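*Asks:* Got a structure here, written out as structure tokens. Questions coming.
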């Protein structure tokens, strides 16, 4: 393998992994505050389609990203109202959000399948993803507000007793997660693909959820996990391109199998999961009057 | 000004009245929201609702189609109830359905030119085994390696779909099929008998009803059902009582996998008659909504499966007559689950919406 091929592979890995980093770091922040949002896939799809449609209609990239982020905030805001105010089951509500998002994105994007657009240069977003991971890490471990966020995720009752608003902190965590998922989606439809297709995220939202577990809820490690993962997926594509004789479907299983294997390795250390996972994850908070 | 932050008072006991009314409220609110959405899209809401909810079932053919769609949904949902009652979030029913169709359908392809009364029962058994094996994987991983069953069961959906894809374009491809990605047709002995001539409703509905009755019996009359219920309400009490948690995890996944597998086989041996890529319009995922809407109760699941089956038919009609994408069905399904989960609050809390802040 000569140096140009090597650089080419690195570039592809960077470009393909970035949406996973965005979605995983967003979900990590949400989970750190004690909320599990399984709607990642749905929010990514809605984020992708709103960005794409806005771009086609207005021709403005910045407007496309703004609308996309707003859609992420709206979708996650809906989720937040249900799980924080109405105290609904977080697992089921997240699933509902994903199903809703799949349907909504298909309807919005129906007329735009196959519309050609001029893709954006992805490297700005690659750099942005690294920056966001760094900032999130800094926020959680070096700032007071970050400490409060983590405290809410560990014990909402203690945080409440100390006078912190559990609901506000969780709302911020959920909204940040929603915006990051929308950013991941819009990156896919405007830079990575660049096009709109139904279900174009192809399970990346779920892989991002697995990456948070892989990272044992530590921001820096989501980056490591995402890149191991991106590397495996790209390697699989290249093996196929180099003519390794094996049915394509088995290559396509690689990301999903890799996710499972990684989960098995990380989770089998029960103590580590127990110590790393936010202790209040999925537990609703009721002030009780 | 209305305050959208409701003031809540915890009830001493969960309200049984509300337990019954919550799904009704959810469906009602979904219809209201749906008509608003239709109005925003520029359709006459009455016409749209009629197209969506009334006209699909105004003929005997329509009723039959409703039952054809409700057959797999109800069976998968009642299987999922075994898991959900136990707080195990098996969201991979779509994969278990697919593997049931692969195992059972494989038997159908093997005996395509043989006739015999034993072929269909063998296929159904194959479907159950295929689904149960696929369901067992997340259960084993959860018990042995502490992995999160939500993620593993979902990853297995993608893997199952790729296995099916591999089979229908590869080794199982119809030799006379002009390289279309499909298998040969099952023989007549490998098909679900039709219940009425000219209608597609088939023997699978009898299997679904048997499955629902069996689940009702297990849930309400057996020690196993009691153990599942106790574990769901309070894992600590369940452990204190000495119920084997691992055994309950295995049992729940075996039942839900087997039921989904039979449902998958029912689809390929029923309306479809062979294997190809798109054997299920997301029945495995939609059944999650059916299970919750039916409040994990076998009787509730029957009604819920009919309502959700109607969203499939309505979406098809809406696409035909109003050029609305069929995905509007998913939007309705998502909405009904949102409302259901939100309204569930009423079971455990009393609400006071104060008019001033």
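Protein chains in written order, with this note's numbering: chain A, 1209 to 1497; chain B, 42 to 398. C-beta: ideal position from N, C-alpha, C; glycine also. For clarity, every value in this text was computed on a predicted model and none was experimentally measured.
Please compile the residues from chain A whose C-beta is within a distance smaller than 7 Å of the C-beta of residue 372 (chain B).
*Replies:* 1308, 1311, 1312, 1315, listed in chain order.
*Asks:* Please report how far the alpha carbon of residue 70 (chain B) lies from the alpha carbon of residue 1308 (chain A), in whole angstroms.
*Replies:* Straight-line Cα distance between these residues: approximately 15 Å.
*Asks:* From which residue to which residue does the alpha helix (DSSP H) around residue 308 (chain B) run?
*Replies:* Element bounds for residue 308 (chain B): 286-308.
*Asks:* Can you have a look at residue 1469 (chain A) and say buried or exposed, based on whether 16 or more other CB atoms are within 10 angstroms of its CB?
*Replies:* Label assigned to residue 1469 (chain A): exposed.
*Asks:* Would you mind telling me which residues of chain B sit closer than 7 Å to residue 1417 (chain A), beta carbon to beta carbon, in chain order?
*Replies:* The contacting residues are 192.
*Asks:* Can you list, in chain order, the residues of its chain with a C-beta nearer than 8 Å to that of residue 157 (chain B)? Leave out the 5 residues immediately preceding and following it.
*Replies:* If we look at residue 157 (chain B) and ignore the five residues flanking it on each side, its Cβ neighbours are 230.
*Asks:* Does chain B have any CB closer than 8 Å to the CB of residue 1491 (chain A)?
*Replies:* By this cut-off, residue 1491 (chain A) is not an interface position.
*Asks:* Report the option in B:262, B:119, B:53, B:55 whose CA atom is closest to the CA atom of residue 296 (chain B).
*Replies:* Nearest option by C-alpha distance: B:119.
*Asks:* Could you name the residues of the same chain whose beta carbon sits closer than 7 Å to that of residue 307 (chain B), not counting the 5 residues immediately before and after it, in chain order?
*Replies:* So the qualifying residues of the chain are 112, 113, 233, 245, 248.
*Asks:* So, is the C-beta of residue 135 (chain B) closer than 8 Å to a C-beta in chain A?
*Replies:* No, no contact with chain A.
*Asks:* Please list, in chain order, the chain A residues whose beta carbon lies closer than 7 Å to that of residue 199 (chain B).
*Replies:* Going along chain A in sequence order, the residues near residue 199 (chain B) (Cβ under 7 Å) are 1411, 1464.
*Asks:* Tell me whether residue 385 (chain B) sits in a helix, a strand or coil according to DSSP, three-state version.
*Replies:* Note: residue 385 (chain B) maps to coil in three-state DSSP.
*Asks:* Identify whether residue 50 (chain B) lies in helix, strand or coil by the three-state DSSP scheme.
*Replies:* In the structure shown, residue 50 (chain B) sits in a strand (DSSP, three-state: E or B).
*Asks:* If we call anything under 8 Å between Cβ atoms a contact, is residue 375 (chain B) one with residue 1304 (chain A)?
*Replies:* Yes; because the gap between Cβ atoms is below 8 Å, this pair is in contact.
*Asks:* Taking Cβ to Cβ, would you say residue 63 (chain B) is nearer than 8 Å to residue 361 (chain B)?
*Replies:* Not in contact: residue 63 (chain B) and residue 361 (chain B) (Cβ atoms no closer than 8 Å).
*Asks:* Can you give the beta carbon distance from residue 1362 (chain A) to residue 1488 (chain A), rounded, assuming they're within the 8 Å contact cut?
*Replies:* Right, their Cβ atoms sit about 6 Å apart.
*Asks:* Going residue by residue through the stretch 1287-1374 of chain A, where are the continuous alpha helix (DSSP H) segments of at least 4 residues, counting only ones entirely within it?
*Replies:* You should have 1298-1317, 1331-1350, 1352-1362, 1364-1369.
*Asks:* Which same chain residues end up closer than 7 Å to residue 213 (chain B) when comparing Cβ atoms and leaving out the 5 residues on each side of it in sequence?
*Replies:* So the list reads 150, 224, 316, once near-sequence residues are dropped.
*Asks:* Give the straight-line distance between the Cα atoms of residue 302 (chain B) and residue 260 (chain B), rounded to the nearest whole angstrom.
*Replies:* One C-alpha to the other measures close to 20 Å.
*Asks:* Quick one: what's got a C-beta closer than 6 Å to residue 1330 (chain A)'s C-beta in the same chain, skipping five residues either side?
*Replies:* Result list for residue 1330 (chain A): 1223, 1399, in chain order.
*Asks:* Is residue 1231 (chain A) near residue 1378 (chain A), with beta carbons less than 8 Å apart?
*Replies:* No. Outside cutoff.
*Asks:* Considering only residues of the same chain and omitting the five flanking positions on each side of residue 1471 (chain A), which have a CB-CB separation below 8 Å?
*Replies:* The answer, listed in chain order, is 1418, 1421, 1422.
*Asks:* In chain order, which continuous runs of the alpha helix (DSSP H) of length 4 or greater are located wholly inside the stretch 121-179 of chain B?
*Replies:* Correct list: 134-151.
*Asks:* Could you say which of B:367, B:117, B:363 lies nearest to residue 252 (chain B) if we only look at CA atoms?
*Replies:* Cα-wise, what sits closest to residue 252 (chain B) is B:117.
*Asks:* Apply the 10 Å Cβ neighbour rule to residue 237 (chain B) and answer buried if 16 or more other Cβ atoms are within range, or exposed otherwise.
*Replies:* With fewer than 16 other Cβ atoms within 10 Å, it is exposed.
*Asks:* Are residue 369 (chain B) and residue 356 (chain B) closer than 8 Å when you measure CB to CB?
*Replies:* For residue 369 (chain B) and residue 356 (chain B), yes; Cβs fall inside 8 Å.
*Asks:* Measuring alpha carbon to alpha carbon, tell me which residue in B:358, B:90, B:169, B:131 is nearest residue 290 (chain B).
*Replies:* Ranking B:358, B:90, B:169, B:131 by Cα distance to residue 290 (chain B) puts B:131 first.
*Asks:* With DSSP run on the structure shown, which of helix, strand or coil describes residue 110 (chain B)?
*Replies:* Reduced to three states, the DSSP call for residue 110 (chain B) is helix.
*Asks:* Please list, in chain order, all residues of the same chain as residue 1394 (chain A) whose beta carbon is under 7 Å from its beta carbon, the five residues on each side excluded.
*Replies:* Once the five neighbours on either side are set aside, the close Cβ partners of residue 1394 (chain A) are 1255, 1256, 1259, 1272, 1273, 1276.
*Asks:* Using the three-state DSSP reduction, which class does residue 1240 (chain A) fall into: helix, strand or coil?
*Replies:* Residue 1240 (chain A) falls in the helix class under three-state DSSP.
*Asks:* Could you name the residues of the same chain whose beta carbon sits closer than 7 Å to that of residue 1497 (chain A), not counting the 5 residues immediately before and after it, in chain order?
*Replies:* Its pLDDT being 44, under 50, residue 1497 (chain A) is placed unreliably by the model, and the measurement read from it follows with that caveat. Answer for residue 1497 (chain A): no residue qualifies.
*Asks:* Tell me which residue opens and which closes the alpha helix (DSSP H) that residue 330 (chain B) is part of.
*Replies:* 324-334 is the extent of the alpha helix (DSSP H) around residue 330 (chain B).
*Asks:* When the Cα atoms are used, what is the spatial distance from residue 1211 (chain A) to residue 373 (chain B)?
*Replies:* In a straight line, the C-alpha of residue 1211 (chain A) is about 52 Å away from that of residue 373 (chain B).
*Asks:* Determine the chain A residues that contact residue 188 (chain B) at a beta-carbon separation under 9 Å, and present them in chain order.
*Replies:* The contacting residues are 1421, 1468, 1471, 1472, 1474, 1475, 1476.
*Asks:* Count the other C-beta atoms from every protein chain shown that fall within 10 angstroms of the C-beta of residue 1352 (chain A), then say buried if there are 16 or more, exposed otherwise.
*Replies:* Label assigned to residue 1352 (chain A): exposed.
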